[in-house]
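Trainee: Take a look at the following structure, please.
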Amino acid sequence: MKLLKPAMNSNNQKKKIAFIVGTFPTISETFIINQIADLNDRGFEVEIFAFEKGGLENVSQRFFDYKMAEKTYYLEMPKNKLRRLIKALPKAIHILLTRPEIFTKIFNFKKYGQLASSLKLLFYIEPFLGKSHDLVHCHFGKIANKYLIIREILGSKVKFMTSFYGFDVSMVFKEKPADYYDMLKKECPKYIVMSNNMKQRVVNYGFDGDKIEVVPISIDVSKYPYKERCWRAGETTQMISVGRFVEKKGFDDLLRAMAIVKQKATKPFKLFIVGGGDLEARLKQMTEELKIKDIVEYLGYMKIEDLIKYFSKMHLYIQSSKTASDGDME
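The sequence shown begins at 1 in UniProt numbering and counts up by one.
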């Protein structure tokens, strides 16, 4: 798929792209921050619509440099019912004044059920009012499904595309009913996947292969300065692995491998693990049980800019992965 050329639209304005995302920002999805920044560099204006607000700790510096917070609209609904009602009132008035014809659609309890009765649709729809875009880019299939409802209520005809990244075309296929993506298959004209293997999985699930483009997530290699690695006698070989502590990342297998290497190695080595997540306590317990605490160090989360500096000190990078028990995979 060719990159859009920076150009003015028919209104003689910068072309505008809407990113529809789940949680934003989030440290595990730095690639989305990079996509937004790179599109800005190419002359496009990007607005972000996020269903949840993420934390700012260890988020890429590009989020701040490009002032992404100022371009982000949150569709999140307060859990507290009183706060929800207070925040819903001005949104309802805004809709009645600008798009009164969609008000009854937002409260169509028969069609949308809990989404309508809980007022979620009110919070989903209102941020889009008065906004115009040349392209809508949905990140993850589950997010695209939510956007389809927004699109239907607004009566939007804007071009849109969907990027799949992993769990949304692996675990979702296993856990959700067969018709889960039926509307997306019908309505979305273009899909992006990360690999040929992922494309085949998506095609097997009933998506039109002619609509699918393989575009791997890439990095700007200029930000990773090359440094020739060499091992000197007596030096400790330093290795690093980075990722979320979830089953599909395979950190448990990596720890078992380190235990085997420790038994057989004749030279000193150490593994540094960067990341965090639900399995952190279990992985640290495994480190104790395997008696490898002396060769494995957990560094927690890092900003990507700090991580790149840390890479320069390492001899080797290790990336483990596997198919999780729930079907989730890269």
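Glycine included, each C-beta is placed from N, C-alpha and C at the ideal position.
In three-state DSSP terms, what is Phe19?
Mentor: Phe19 falls in the strand class under three-state DSSP.
Trainee: Give the straight-line distance between the Cα atoms of Arg244 and Ser321, rounded to the nearest whole angstrom.
Mentor: 11 angstroms
Trainee: Need the endpoints of the beta strand (DSSP E) that Thr237 sits in, please.
Mentor: 237-242
Trainee: Mind checking Cys138: buried by the 16 CB within 10 Å criterion, or exposed?
Mentor: buried
Trainee: By DSSP, does Leu299 sit in helix, in strand, or in coil?
Mentor: strand
Trainee: Classify Ile273 as helix, strand or coil using the three-state DSSP reduction.
Mentor: strand
Trainee: Once DSSP output is grouped into helix, strand and coil, what is the label at Val221?
Mentor: Per DSSP, reduced to three states, the secondary structure at Val221 is helical.
Trainee: Out of curiosity, what's the CA-to-CA distance linking Phe24 and Ile36?
Mentor: 12 angstroms
Trainee: With distance defined between alpha-carbon atoms, name the residue in Ile95, Ile143, Asp41, Ala144 nearest to Glu123.
Mentor: Glu is not the amino acid found at residue 123; the sequence shown has Phe there. Per the Cα distances, Ile95.
Trainee: Going by the beta-carbon positions, is the gap between Leu290 and Ala259 smaller than 8 angstroms?
Mentor: yes
Trainee: Using C-beta distances below 7 angstroms, list every residue in its chain close to Phe31, excluding the 5 sequence neighbours before and after it, in chain order.
Mentor: Ile217
Trainee: So, is Cys188 buried or exposed, given that buried needs 16 or more other C-beta atoms within 10 angstroms?
Mentor: buried
Trainee: Taking Cβ positions, are Ala116 and Phe107 nearer each other than 8 angstroms?
Mentor: Note that the C-beta distance between Ala116 and Phe107 is below 8 angstroms.
Trainee: Taking Lys120 as the reference, which of Lys146, Glu101, Pro100 has the closest Cα?
Mentor: Lys146
Trainee: When DSSP labels each residue in this structure, what does His139 get in the three-state scheme?
Mentor: strand
Trainee: Please list, in chain order, all residues of the same chain as Phe207 whose beta carbon is under 8 angstroms from its beta carbon, the five residues on each side excluded.
Mentor: Taken in chain order, the residues that qualify are Tyr181, Lys185, Tyr191.
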